[in-house]
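Down below is the structure, laid out as structure tokens.
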Amino acid sequence: MSSQALRVDPKTQLFEDDFAANSADLPGAGLSWLDSRRVLAMESFAATGVPTRRMEAWKYTDLAGALDGELEPATLFRADTAATTTDVFADLPGTRVVLMNGFLHYIGGTALTDDIDIVDLTQLSARTPEWVRLYLGTGPTGGGPGLGTASLALMRGGIAVRVRAGAQGLSPLHLRFINPSRSQPLMCHSRVLIVLEEDAQLDLLESHSGVTSEQVLANLGVEFVLKKNARLNQIRVQEEGTHTLHITSLDARVAGGAHYQSLLVNLGAHLSRVDMNVRLEEPLASVGIRAATVLGGEAAADVTTIVDHAAPHTKSRQLFKSVVGGRAKAVSQGRVTVRKGAVKSDSHQMFKALLLAPRAEADAKPELEIFADDVVCGHGTAIGALDEDALFYLRSRGILAAEARQMMVRAFLEDAIGEGTSEAIHDAIWARIDAAMTNVEDVP
Amino acid sequence: MAAIEETRERVADIAGEKYKYGFVTDIEMDLAPKGLSEDVVRMISAKKNEPAWMLEWRLEAYRRWVKMREPNWARVHYPKIDYQDLRYYAAPKSQGERPASLEDVDPKLLETYKKLGIPLSEQKMLAGVAVDAVFDSVSVATTFKQKLTEAGVIFCPISEAVREHPELVKKYLGSVVPVTDNFFATLNSAVFSDGSFVYVPKGVRCPMELSTYFRINASETGQFERTLIIADEGAYVSYLEGCTAPKRDVNQLHAAVVELVALDGAEIKYSTVQNWYPGDEEGKGGIYNFVTKRGDCRGRGSKISWTQVETGSAITWKYPSCILRGDNSVGEFYSIAITNNYQQADTGTKMIHLGKNTRSRIISKGISAGHAQNTYRGLVSVHPKALGARNHTQCDSLLIGGNCGAHTVPYIESRNPSAHIEHEATTSKIGDDQLFYCLSRGIGQEEAVALIVNGFCRDVLQQLPMEFAVEAQKLVGISLEGSVG
Amino acid sequence: MLEIQDLHVRVDGKEILKGLTLSVPTGEVHAVMGPNGSGKSTLSYTLAGREGYEIVSGKILFNGEDLAPLSSDARAARGVFLAMQYPVEIPGVTTINFLKTALNAQRRARNESELDALRVLKLVREKAKALNVPEEMLRRALNVGFSGGEKKRLEVLQMSLFEPKLAVLDETDSGLDIDALRMIAESVNAMRGPSRTMLVITHYQRLLTYIVPNRIHVLASGRIVKSGGPELALVLEEKGYEHLIGEPA
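Listed in order, the protein sequences are those of chains L, H and R. Counted from 1, the first sequence has number 362 at position 362 by this note's numbering; the numbering is strictly sequential. Counted from 1, the second sequence has number 124 at position 124 by this note's numbering; the numbering is strictly sequential. Counted from 1, the third sequence has number 237 at position 237 by this note's numbering; the numbering is strictly sequential.
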């Protein structure tokens with residue numbers, strides 16, 4: 001069958017039209033290495049189009065259905081809207097980078113040292129450092145799964161960061177993404193590339209927010225490259241506006257002895273999807289992914305991961321916790337692949353969801369794909385309501401119903417959030433979760 | 001040269017021992033020409049002396065099927081099947097007029113079943129098990145009919161039920177697996193040849209185990225059996241099917257449909273020991289087992305329990321499922337799937353919770369050896385009205401050797417906050433220490449593997465009726481021969 | 001008669017036994033004592049024929065037959081039994097079924113007739129009684145959820161059931177309280193006889209006060225560094241291994 005003949009999808013057309021009309025004016029246009037990567041990415045995107053529920057990987061999340069057909073590409077926009085949303089990590093030290101609709105807006109806070117380089121992706125040129133050229137858009141999924149390819153092909157802005165070999169004890173890097181809406185529906189395609197050279201360490205504090213009245217498609221493609229023995233600790237709070245479709249497509253490559261730790265806190269957006277693709281490339285590479293999702297109203301959040309144990313003696317741990325109220329829907333999908341010969345791989349996934357309202361929904365698809373015999377792999381899933389016996393117990397001790405429920409929800413989420421986070425970060429995250437919980441219709 | 005020849009023969013002998021059902025019965029057959037068309041559908045219907053409504057039903061299915069596409073989402077790979085290069089009907093000539101009693105059945109057929117370990121003469125049979133013996137496209141004999149009739153139980157070939165009990169067949173056929181359900185089910189609806197029909201009336205506990213033994217014999221012929229079991233209010237029946245086929249280099253298609261209906265308070269226990277020819281050590285030949293099995297817990301407090309031991313077939317594609325419609329109904333799925341050499345299995349279940357306080361339980365044990373790929377695929381879906389639904393799933397994979405694959409693909413969907421769903425999966429291998437422990441106690445390698453694997457499968461084996469559990473345990477060992485060492 | 005001659009054994013590429021020589025006449029009980037890491041477990045696994053324990057040179061002769069080419073199960077059929085330090089769990093396989101399978105596999109290999117389930121059960125019950133192994137334990141999955149003491153008792157039960165010609169007891173006393181130790185020692189002592197050879201491998205002399213060996217050998221760094229009568233255990237108890245290892249054998 002010819003894809004040409006079947007092309008009737010106006011939503012995919014939107015992206016193709018943008019590329020056709022604007023590719024010559026995109027940042028870095030004319031750089032042959034980038035041009036060819038963009039063309040490939042666009043072809044790869046066009047081959048599948050905007051994901052629909054007919055695609056196995058998008059079975060539970062209707063992106064095509066949610067997408068506005070009239071989205072306009074975002075343009076560079078300088079205005080002080082930063083103040084309109086709360087900065088989750090405002091009280092924490094570090095270097096602050098603000099991106100507005102995907103464009104680098106501001107760098108401040110703790111001054112950068114020689115150990116860290118930051119490149120504004122709107123400024124790509126022949127003088128762009130070699131490491132950007134080496135890694136940008138070269139991840140194993142060719143720019144990222146789903147809309148990741150489109151974020152590369154149509155990239156308007158974003159940043160690239162490199163931490164030099166052996167650099168440790170740096171002050172945290174804050175990436176604050178603000179995606180406000182403007183007078184009309186908007187699509188923002190941006191990229192983040194972070195390269196940690198050998199033995200480098202970085203704490204990354206990421207927040208995504210925005211006040212919206214029109215649809216905003218925040219389409220972010222992320223690449224992490226962890227060289228030998230590097231450590232990346234990512235903490236990410238997503239509380240996008242109620243009209244936002246938040247799509248993050250993330251590729252992480254983890255070399256020998258390196259460790260990538262990620263905590264995803266999903267509290268906002270009309271629809272959010274984080275696609276994580278982690279490849280454990282060499283022995284002793286490891287990854288830990290934790291997600292805490294709190295949803296109410298009509299929101300939908302989808303965390304989908306693929307962890308590829310491509311080498312022996314690699315380890316992965318995943319723990320996803322979702323609290324769902326209203327008519328919201330939380331989706332957890334995770335595929336763990338252990339390749340042939342990747343013996344002594346050690347992997348575990350646990351997905352848990354609490355449904356708090358009669359029309360709330362949780363879907364889970366933990367998947368194992370094992371091609372080596374000497375492995376320890378497992379997964380577990382549990383979906384249910386708050387334990388009535390425990391609630392009763394708390395109430396019998398004089399605790400009010402609402403408070404008892406809150407205690408239990410907190411306890412449920414705590415093991416996803418608690419481990420390995422500093423007290424200040426822990427408190428900052430809980431403050432946002434508590435705020436989000438008030439929006440979760442907790443109808444007994 | 002002679003020595004080489006002798007070695008070859010010995011190797012062939014050894015390979016042959018592993019699948020001892022691989023012989024061919026030399027018998028004169030009545031064969032349909034190759035290919036599928038409306039004419040072939042009409043021919044099958046005519047052979048069975050079917051009423052017009054049945055032919056219409058088939059034709060409607062055929063017309064739908066022509067427009068359908070073969071599914072490709074399962075983790076199985078095989079060359080494209082040429083549906084025009086198959087025969088859709090094959091029956092022993094001697095069965096032209098189905099013999100009225102066992103004495104009249106062609107001795108060659110009786111001999112075949114005897115060799116398969118299924119003696120059809122009632123004196124020699126396992127007491128308490130009635131058998132319907134299906135040979136290619138026809139049922140050749142059904143035992144203990146008299147005793148069952150006395151209890152009010154109908155147990156007969158489905159072709160006979162179409163003629164003798166049209167009101168029941170019309171009411172229930174296609175009511176669980178609709179004609180348009182999926183590519184293979186629709187194909188089956190058009191060309192199904194034989195299979196068993198069971199009706200257990202209100203309040204009757206079927207006095208014996210019922211079983212159907214399916215035998216593929218003819219070459220280049222598909223087998224399309226259709227089974228329909230209805231347990232009326234408060235009834236109970238336990239049913240078991242077994243399947244074997246000759247060794248052949250070419251793949252053969254088996255596309256069955258099984259429908260179960262359990263009314264208020266009824267219980268159906270359905271067990272399968274599937275041992276179709278799996279192909280040889282190189283992956284040549286074997287049966288494509290593409291089967292749609294579904295049970296409808298239509299009544300309140302009804303229960304359907306599937307137990308399957310899948311050791312045969314080159315490719316297995318089947319998901320025996322339960323629709324838990326009635327309040328307080330219960331669905332169970334217990335499965336052992338063993339793949340060795342180049343076998344591929346993509347099997348599991350669907351538990352659809354529609355009614356209040358419905359409960360389901362899934363235990364799946366997948367064993368993969370050689371170059372085989374073994375996938376568990378399962379759905380647990382709780383609908384908004386299924387207040388208080390419960391599911392527990394345990395899904396374990398065992399890998400033997402570094403060239404095989406074991407995969408787990410569960411779909412878990414909850415749309416009711418009062419439901420509790422729990423799923424757990426593990427992947428492991430036979431421990432070197434376990435193997436050594438057995439060896440050091442004098443147990444040989446193959447026996448040790450069989451012992452450990454049987455232990456791994458114990459929770460499922462326990463669900464089989466006593467008479468078959470022992471057979472199944474032996475089969476587990478035989479299927480894995482040569483997988484270690 | 002067990003004769004081990006200049007045995008060198010490699011595990012994971014590393015030589016653990018480095019010229020071990022030892023002989024135990026039929027009908028005698030010898031003990032091998034040694035500190036951690038001296039090669040005690042390697043010796044017991046090598047005798048039982050565990051894969052990965054590679055004999056580089058030297059010989060193990062049992063009643064004149066070289067054991068090296070024999071697989072573990074073939075050795076068991078010839079009457080070699082190892083009571084393991086860490087008995088293995090096998091989920092889903094009931095203990096009684098395991099015992100029956102093993103007993104009949106050995107009998108089959110020796111061209112003896114197999115015993116039916118009832119006969120095996122009767123036999124096992126007899127042995128179980130002496131070791132205070134409850135009937136209920138026999139129906140549980142092999143070693144799964146057994147306490148340390150239960151596992152060891154089951155090992156000795158197997159020994160008395162299989163009636164081996166060569167019994168190797170590897171740290172059978174570890175993890176046992178005094179009553180259990182006494183009971184196990186009694187069972188082992190009851191099995192001493194003119195046609196049975198036993199090798200008791202242990203770190204501590206405690207067990208040897210209950211099972212008094214004909215001779216004691218001290219293993220250090222993969223070789224026997226000293227041999228002597230039962231009194232050697234007391235010397236070791238008093239002075240420790242260091243005192244001995246320093247000395248030439």
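No residue lacks a Cβ here, since even glycine has one placed at the ideal position from N, Cα and C. All values derive from a computational prediction rather than experimental measurement.
For F162 (chain R), the residue or residues it bridges with in DSSP: Position 162 of the third sequence holds residue 162 (chain R). Its beta-bridge partners do not exist; DSSP assigns none.
Member of L:H348, L:T110, L:L99, L:T113 whose CA lies at the smallest distance from the CA of L121 (chain L): If you number the first sequence from 1, residue 121 (chain L) lands on position 121. When only C-alpha atoms are compared, the closest one is L:L99.
Amino acids of chain H, ordered along the chain, whose beta-carbon sits closer than 8 Å to that of G92 (chain R): Looking up residue 92 (chain R) in the third sequence gives position 92. Under the 8 Å cutoff, chain H gives N454, G455, F456, C457, R458, D459.
Minimum length 3: unbroken beta strand (DSSP E) runs contained in the stretch 7 to 41 of chain R: The stretch 7 to 41 of chain R contains these whole beta strand (DSSP E) runs: 14 to 24, 29 to 33.
S479 (chain H) at chain L interface by Cβ criterion, 7 Å: Translated into positions along the second sequence, residue 479 (chain H) becomes position 479. Chain L, which has no Cβ nearer than 7 Å to the Cβ of S479 (chain H), makes this no.
Cα-Cα separation, N111 (chain R) to K47 (chain H): Stepping through the third sequence from its first residue, residue 111 (chain R) is reached at position 111. Stepping through the second sequence from its first residue, residue 47 (chain H) is reached at position 47. If I take the Cα positions, the gap works out to 57 Å.
Cβ of S529 (chain H) within 7 Å of any chain R Cβ: Beyond the ends of chain H as shown, which are 1 and 485, falls residue 529 (chain H); an answer cannot be given.
K227 (chain L), buried or exposed, once every other Cβ within 10 Å from all chains shown has been counted against 16: For the purposes of this step, residue 227 (chain L) is taken as the residue at position 227 of the first sequence. It counts as buried.
Backbone CA spacing between C243 (chain H) and F214 (chain H) [nearest angstrom]: Indexing the second sequence from 1 puts residue 243 (chain H) at position 243. Indexing the second sequence from 1 puts residue 214 (chain H) at position 214. Computed Cα separation, rounded: 5 Å.
Chain-ordered chain C contacts of C377 (chain L) [CB-CB under 7 Å]: Looking for chain C here will not work: the only protein chains present are L, H and R.
Buried or exposed (CB count within 10 angstroms, at least 16 for buried), W65 (chain H): Working through the second sequence from its first residue, we reach residue 65 (chain H) at position 65. Counting of Cβ neighbours within 10 angstroms places W65 (chain H) among the buried residues, the total reaching 16 or more.
Contact with chain R by F184 (chain H), beta-carbon distance below 7 Å: Here the question's residue 184 (chain H) lines up with position 184 in the second sequence. Closer than 7 Å: no.
Beta-bridge pairing of G366 (chain H) - partner residues as DSSP gives them: As a first step, residue 366 (chain H) is located in the second sequence; it is residue number 366 there, counting from the start. In the DSSP output, where bridge partners are listed per residue, G366 (chain H) has H:A337, H:S397.
Nearest candidate by alpha-carbon position, reference Y86 (chain R), set R:L166, R:R153, R:G64: The count along the third sequence starts at 1 and reaches residue 86 (chain R) at position 86. Cα-wise, what sits closest to Y86 (chain R) is R:R153.
Residue nearest to P320 (chain H) in terms of C-alpha spacing, selected from H:S414, H:L379, H:F23: The sequence position of residue 320 (chain H) within the second sequence is 320, counting from 1. When each option's Cα is compared against that of P320 (chain H), the closest is H:L379.
For Q5 (chain R), three-class secondary structure by DSSP: Taking the third sequence and counting its residues from 1, the one referred to as residue 5 (chain R) is at position 5. In the three-state reduction of the DSSP assignment, Q5 (chain R) falls in the strand class, which pools E and B.
Classification of P129 (chain L) by the beta-carbon crowding that lies within 10 angstroms, buried from 16 upward: Looking up residue 129 (chain L) in the first sequence gives position 129. Result: exposed.
For C297 (chain H): DSSP bridge partner residues: Here residue 297 (chain H) corresponds to residue number 297 of the second sequence, with the count starting at 1. The partner list for C297 (chain H) (beta bridge, DSSP) reads H:A262, H:L324.
Cβ-based neighbour list, G290 (chain H), same chain, cut-off 6 Å, excluding 5 preceding and 5 following: Taking the first residue of the second sequence as position 1, residue 290 (chain H) is located at position 290. Correcting the residue type first, residue 290 (chain H) is Phe in the shown sequence and not Gly. Cβ within range, chain order: F184, A255, W317.
Option in L:Q168, L:R164, L:T212, L:A311 with minimal Cα separation from L186 (chain L): As a first step, residue 186 (chain L) is located in the first sequence; it is residue number 186 there, counting from the start. Closest option to L186 (chain L), Cα to Cα, is L:T212.
Inter-residue CB distance, N182 (chain H) and P71 (chain H) (contact presumed, cutoff 8 Å): To locate residue 182 (chain H), count along the second sequence from 1; it is residue 182. To locate residue 71 (chain H), count along the second sequence from 1; it is residue 71. Right, the Cβ-Cβ distance comes to about 6 Å (below 8 Å), so this counts as a contact.
Neighbour list for V88 (chain R) in chain H, Cβ cutoff strictly below 8 Å: As a first step, residue 88 (chain R) is located in the third sequence; it is residue number 88 there, counting from the start. Those are G431, D433, Q434, F436, Y437, listed as they occur along chain H.
Alpha-carbon to alpha-carbon, R53 (chain L) and A5 (chain L): Here residue 5 (chain L) corresponds to residue number 5 of the first sequence, with the count starting at 1. Here residue 53 (chain L) corresponds to residue number 53 of the first sequence, with the count starting at 1. Its pLDDT being 45, under 50, A5 (chain L) is placed unreliably by the model, and nothing is read from it.
Beta carbon of L196 (chain L) nearer than 7 Å to that of L245 (chain L): Here residue 196 (chain L) refers to the residue found at position 196 when the first sequence is read from its first residue. Here residue 245 (chain L) refers to the residue found at position 245 when the first sequence is read from its first residue. Not in contact: L196 (chain L) and L245 (chain L) (Cβ atoms no closer than 7 Å).
Of the residues L:N101, L:P51, L:T438, L:I306, the one placed nearest A252 (chain L), counting alpha carbons only: Translated into the one-based positions of the first sequence, residue 252 (chain L) becomes position 252. Measuring from the Cα of A252 (chain L), the nearest candidate turns out to be L:I306.
Bridge-paired residues (DSSP) for F214 (chain H): The sequence position of residue 214 (chain H) within the second sequence is 214, counting from 1. DSSP lists H:V134, H:C243 as the beta-bridge partner residues of F214 (chain H).
Within 9 Å of chain H by C-beta, residues of the stretch 40 to 53 of chain R in sequence order: Y45, A48, G49, R50, E51, G52
Under the three-state DSSP convention, the category I478 (chain H) falls into: For the purposes of this step, residue 478 (chain H) is taken as the residue at position 478 of the second sequence. Reduced to three states, the DSSP call for I478 (chain H) is helix.
Same chain only: Cβ atoms within 7 Å of M183 (chain R), ignoring 5 sequence neighbours per side: Taking the third sequence and counting its residues from 1, the one referred to as residue 183 (chain R) is at position 183. Closer than 7 Å at the Cβ level, and outside the excluded window around M183 (chain R), lie L131, N132.
Extent of the continuous beta strand (DSSP E) to which A83 (chain R) belongs: Position 83 of the third sequence, counting from 1, holds the residue named residue 83 (chain R). If you look at A83 (chain R), you'll find it in the beta strand (DSSP E) that goes 80 to 83.
Spatial neighbours of G241 (chain L) in its chain, beta-carbon cut-off 6 Å, leaving aside the 5 residues before and after: The residue given as residue 241 (chain L) occupies position 241 in the first sequence. Taken in chain order, the residues that qualify are G210, V211, T212.
For S207 (chain L) and V14 (chain L), the rounded distance between their alpha carbons: In the first sequence, counting from the first residue as 1, residue 14 (chain L) sits at position 14. In the first sequence, counting from the first residue as 1, residue 207 (chain L) sits at position 207. Reading off the sequence shown, one finds Leu at residue 14 (chain L), where the question assumed Val. Rounded to the nearest angstrom, the two C-alpha atoms are 28 Å apart.
Chain H within 7 Å of V443 (chain L), Cβ atoms only: Taking the first residue of the first sequence as 1, we reach residue 443 (chain L) at position 443. Any reading at V443 (chain L) must be qualified, since the residue scores a pLDDT of 48, below 50, and its modelled position is unreliable; no value is offered.
For W65 (chain H), three-class secondary structure by DSSP: Taking the second sequence and counting its residues from 1, the one referred to as residue 65 (chain H) is at position 65. Residue state, collapsed to three classes: helix.
Per-residue DSSP class, three states only, for I211 (chain R): Within the third sequence, the letter at position 211 stands for residue 211 (chain R). Coil.
Minimum C-alpha distance to E413 (chain H) - residue among L:R432, L:A330, L:Q406, L:A357: In the second sequence, residue 413 (chain H) corresponds to position 413, counting from 1. Looking at the Cα atoms, L:A330 is the closest of the given residues.
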